[in-house]
Each structure stands twice: as structure tokens, then as C-alpha cells.
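Undergrad: Our numbering numbers the first residue of the sequence shown as 1494 and each following residue consecutively. Cβ coordinates follow ideal geometry from the N, Cα and C atoms, glycine included. Since the structure is predicted, the reported quantities are computational estimates derived from the model, not experimental observations.
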Amino acid sequence: MRAIVDWIPGPDMTVTATPVPRATAAGLAEPLPGEVSPRRLWRSLAGLAALVAFVAVAIALLPGIGDLRASFAKASAGWIALAVLFELGSLFGYVVGFRSVFCTRMSWSSSYKIAMAELGADSVLPVGGAGGLALGAWALRRGGMPGVQIARKTVAFFLLTSLPSVVLLILVGLALSVGIVPRHVNVALGLVPAAVAAGALVGTLLLGRLSGFADGGARTRRRRALSALRLVPDGVREAVGLLRTRDPRLLLGLFAYLAGDILVLWAAFTGLGQSPEIAIVAIAYLIGQLGNLVPLPGGIGGVEGGLIGALVLYGVAAVPATAAVLLYRVVQLWLPAGLGALAFVQLRRMLRGEASDIAMCGEGEAVEILGRGPVVVGSRS
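Laid out in C-alpha cells, this is it:
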């Protein structure tokens, strides 16, 4: 791919490139994956709306849950607004992290559309987060980024967005087990999550030392699985390399993505007149989010059950926990779903054009600098 750029170097000798309209590109005709087709996305969004409406009517009319209705009746509008702001901070942290991992030469507009569309897909599709990654990979490929680069960076991005959760689970688990947090919790409830998280972290780092998986004469299905596994060590090394750069944008984005979402749950509790320790909210959040693996749209049912169960396990009363989790989920599902739907429409419109700044992110791609001739883009994003 060639692009015309103006030779206006900044303090770090970087230049700004504008791609020349392309008649063809490697990913131009790349179809949308079936799991993130427009029809399925809109159908899932409609189903999610119907389910939320049903739950709201059930809470309002069913007998025997008066305490739950009373909790919602005293909700603070100010705290709900703050929860929305926290969620916005989490979403934009994801956008910053996405751009830092995949390509800092990509415009903020393109980064926002792809990342927010990913988050929207994750909110409505029953694929445990894989739908968003598939949509992002499609957009990058359609924009002209090489497939191998996309695969490696997708693995790295998944690992990097998971890393703060693992580290926080270790820290909070240890704090609870040794009594740093002023709450009576069984030592095992702190040590076991911390040990599991530490083991997962060590195991992931060890994967980065593997050189790959030989497929030999394996059959097609097995060969595909081995090909996917070969990407994991490369992705781990990519993630470690990005962390070693100590890019403040990357670190801030990763932190904001996790912290903002945890603070939404904390604000939901506070807005309903409850005040559990932030450490309890954090560890219950980290464990409860495993319910997102349940193959239901947006993890509905699995996440709520996981969060409520974890909160009760750590000493929060069932009714306040249920009310706070339901309020949290309304914010946490509908904000990215709405913004993501709009971003998806904008993304498809952008990719229908002949030029995209995504193509400048390919490693080893040549750009044409006015007055300087062709220059090859390096391997770093």
C-alpha cells in the first residue's frame, strides 16, 4: 500500500500520512463473519430490549419482592448519572487501549468506530466476548491490515485487557486474606482467587517462551486448531513487548477500562443507599464476571447470577446485591450497546470508501513522502 504524506516531522520525527484511494485491497471484499452479521446484531439487540422490558415488568408486578422494589424506589439520580460517567470512562479506556495495541497511526475516529463496535457486539451477542474480537478483526482486515498481524495483536489485546483483572484479583485477594481490608472474610476466600490468578498469569507468561506448535501431517480441523495455538506465544510476546514500552496511553486505557466498570457497580450500590467496601465490590466483580462465559446475549443471567452469588459469598445481603447488580447491568449493557450500534453503522460506511487509514498500519508497508520518496513503515504500531 502506498500513501502520500506531508513531510512535517514532529519532535519525535513522526510524519502524518494520508492514504491514496485504492481501487483494490487485500481485505476489501472480506465478508462479515456470520456471528456478527448485521441481521444477527439487530435481532440480538431487539431480543435484549425485550428481555430487559420483561424483567422490569416482572420486578414491578410480581408479589414477594417488595424489598427489591423498595430498593429501587430510593435510588439516587445523581449516583446513577455518576455510574453512567464511570461507564463512559471505561468504554473510552477500551478505545485508548485498542489504538495503543493495534496502531497509533490509525486515526482516533477509526479507532473509536472499531473499538466501540466491538464493545457493542459484546453487549448483545451470546459468544462470551468473541463476537467483538471477530468484528474488530474483520474491520481491520477489510481496511487493509495483514491477517497475521491482526491475529497476533488480537491475542495481545485480549491478554492485555485481561491483565489488570488478574493483577487486581491477586492484590485484593491477598489484602483480604491477611486482613488489610477491614472486613471479616474467610482466609480461603482471599487466598484461593489470588492463587488461581497468579497461576494463570505465570502460565500465560510461560506460553510466550514456546516457539510454536508443529502440525506435521495433521488433519484439516486439527491443523486449524494448531495454527490458532501457534498464535498464542506470538501474542504473549507482543503483549510483553508493548508493556515494556511503558506507553502511558496503553497503561491508562487498560486501567480505565477495568476501574471504570468496577466503579459503575460501586456507584450502583451507593445510589441505592448501600456502602460495601470497594475491595469486596472489586473481588466479587472479578469473580462474578466469569458468568459472561455463559452463551447468552450479553451474558444475561450468567453475569447477574455470578455477581450476586459472589457478593453474597463475601457478606453482602442478597436484596441489596440483587438491586445493585441489576442497576449496574442496565448501565453496563445499554450504554455500549447504543454507542456500539451507532459506531457499527459508521464503521461500515467508512469501510465502503476506497481509502482507509487502517491500511497504513501494516508492518513493512511503504508510504510515499512528498519530496522524500518511499519510506517503509516499521514493525511498531
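What are the complete beta strand (DSSP E) segments, minimum 3 residues, inside the segment 1754-1797?
TA: Segments of the beta strand (DSSP E) lying fully in the segment 1754-1797: there are none.
Undergrad: Alpha carbons only, please: which of Gly1625, Gly1795, Ile1780, Gly1764 is nearest the one belonging to Leu1575?
TA: Measuring from the Cα of Leu1575, the nearest candidate turns out to be Gly1764.
Undergrad: Measure the C-alpha to C-alpha separation of Phe1692 and Ala1803 and round it to an integer number of angstroms.
TA: According to the sequence provided, residue 1692 is Gly. The question's Phe does not apply to it. If you take the alpha carbons of Gly1692 and Ala1803, they lie about 21 Å apart.
Undergrad: Indicate whether the contact test is met: 3 or more Cβ pairs, each with one atom in the segment 1750-1762 and one in the segment 1579-1598, closer than 8 Å.
TA: They touch, by the three-pair rule.
Undergrad: Does the contact criterion of 3 or more C-beta pairs under 8 Å hold for the segment 1733-1751 versus the segment 1545-1558?
TA: Segments in contact, no.
Undergrad: Applying the 10 Å Cβ sphere with the 16-neighbour rule, what's the burial state of Val1678?
TA: Buried, by the Cβ-count rule.
Undergrad: Pair every Cβ in the segment 1809-1824 with every Cβ in the segment 1587-1596, then say whether three or more of these pairs are closer than 8 Å.
TA: Verdict: no, contact absent.
Undergrad: Tell me which residue opens and which closes the alpha helix (DSSP H) that Ser1593 is part of.
TA: Run containing Ser1593: 1570-1595, per the alpha helix (DSSP H) assignment.
Undergrad: If you drop the 5 nearest sequence neighbours on each side, which residues of the same chain put their C-beta closer than 6 Å to that of Gly1611?
TA: One detail in the question is off: residue 1611 reads as Glu in this sequence, not Gly. Taken in chain order, the residues that qualify are Gly1625, Leu1628, Gly1629.
Undergrad: Do Tyr1778 and Leu1800 have their beta-carbon atoms positioned less than 8 Å apart in this structure?
TA: Cβ distance < 8 Å, so Leu1800 and Tyr1778 count as in contact.
Undergrad: Given this structure, state the Cα-to-Cα distance separating Ala1810 from Gly1636, to the nearest angstrom.
TA: Their Cα atoms are separated by approximately 50 Å.
Undergrad: Below 8 Å on the Cβ atoms is my contact criterion, and I expect Phe1565 with Cys1854 to pass it. Report the Cβ-Cβ distance as a whole number of Å.
TA: Wrong, their Cβ atoms sit about 46 Å apart, outside the cutoff.
Undergrad: Give me the residue from Val1665, Gly1696, Leu1694, Val1695 with the minimum Cα distance to Ala1681.
TA: Looking at the Cα atoms, Val1665 is the closest of the given residues.
Undergrad: Pull up the distance between the alpha-carbon of Ala1608 and that of Glu1797, whole angstroms please.
TA: So the alpha carbons of these two residues sit roughly 25 Å apart.
Undergrad: Taking DSSP as the reference, what is the three-state secondary structure of Val1678?
TA: In the structure shown, Val1678 sits in coil (DSSP, three-state: anything other than H, G, I, E or B).
Undergrad: Can you say whether Arg1536 is buried or exposed, counting buried as having 16 or more other CB atoms within 10 angstroms of its CB?
TA: Exposed is the call here.
Undergrad: Please determine, among Leu1578, Ser1600, Leu1652, the residue with the shortest C-alpha to C-alpha distance to Pro1829.
TA: Nearest C-alpha to Pro1829: Leu1578.
Undergrad: Compare the C-alpha of Leu1844 against each of Trp1631, Gly1672, Gly1701, Leu1724 and name the closest.
TA: It is Trp1631.
Undergrad: Please determine, among Leu1694, Val1660, Arg1730, Ser1603, the residue with the shortest C-alpha to C-alpha distance to Ala1841.
TA: One detail in the question is off: residue 1841 reads as Arg in this sequence, not Ala. Arg1841 has its Cα closest to that of Ser1603, out of Leu1694, Val1660, Arg1730, Ser1603.
Undergrad: Can you give the Cα-Cα distance for Glu1875 and Val1550, rounded to whole angstroms?
TA: Residue 1875 is absent from the model: the chain starts at 1494 and stops at 1874.
Undergrad: Taking its Cβ as the centre, do 16 or more other Cβ atoms sit within 10 Å of Arg1645, making it buried, or is it exposed?
TA: Buried, since its Cβ has 16 or more Cβ neighbours within 10 Å.
Undergrad: Using three-state DSSP, classify Met1638 as helix, strand or coil.
TA: In the structure shown, Met1638 sits in coil (DSSP, three-state: anything other than H, G, I, E or B).
Undergrad: Nearest to Leu1684 by CA position, among Met1638, Ile1776, Leu1699, is which residue?
TA: Ranking the options by Cα distance to Leu1684, first place goes to Ile1776.
Undergrad: Tell me where the alpha helix (DSSP H) around Thr1815 begins and ends.
TA: Thr1815 -> alpha helix (DSSP H) spans 1811-1845.
Undergrad: Near Leu1783, what residues of its chain come up, given a Cβ to Cβ distance below 6 Å and the 5 sequence neighbours on each side ignored?
TA: Counting only Cβ-Cβ distances below 6 Å, and skipping sequence neighbours, we find Gly1799.
Undergrad: Please report the distance separating the alpha-carbon of Gly1586 from that of Ala1752.
TA: C-alpha separation (whole angstroms): 9 Å.
Undergrad: To the nearest angstrom, how far is it from the Cα of Ala1614 to the Cα of Pro1531?
TA: The straight-line gap from Cα to Cα measures roughly 10 Å.
Undergrad: Please name the residue in Leu1525, Gly1781, Leu1700 whose C-alpha comes closest to that of Leu1652.
TA: Nearest option by C-alpha distance: Leu1700.
Undergrad: Could you check if Ile1673 is buried or exposed, using at least 16 other CB atoms within 10 Å of its CB as the buried criterion?
TA: Its Cβ having fewer than 16 others within 10 Å, Ile1673 is exposed.
Undergrad: Give every residue of the same chain whose Cβ lies closer than 8 Å to the Cβ of Val1671, excluding the five residues on either side of it in the sequence, and list them in chain order.
TA: The residues are Gly1683.
Undergrad: Inspect the beta-carbon positions of Leu1662 and Ala1690 and report whether they are closer than 8 Å.
TA: Against a cut-off of 8 Å, the Cβ pair of Ala1690 and Leu1662 comes out as a contact.
Undergrad: Could you pull out every residue in the same chain whose Cβ sits closer than 6 Å to the Cβ of Asp1560, ignoring the five residues on either side in sequence?
TA: Only Val1812 meet the Cβ criterion.
Undergrad: Quick check: the Cα distance between Pro1769 and Tyr1807, rounded to an integer number of angstroms?
TA: Rounded to whole angstroms, Pro1769 to Tyr1807 spans 10 Å at the Cα level.
Undergrad: Look at the alpha carbon of Asn1785 and the alpha carbon of Ile1773, and state the distance between them as a whole number of angstroms.
TA: Whole-angstrom Cα-Cα distance: 19 Å.
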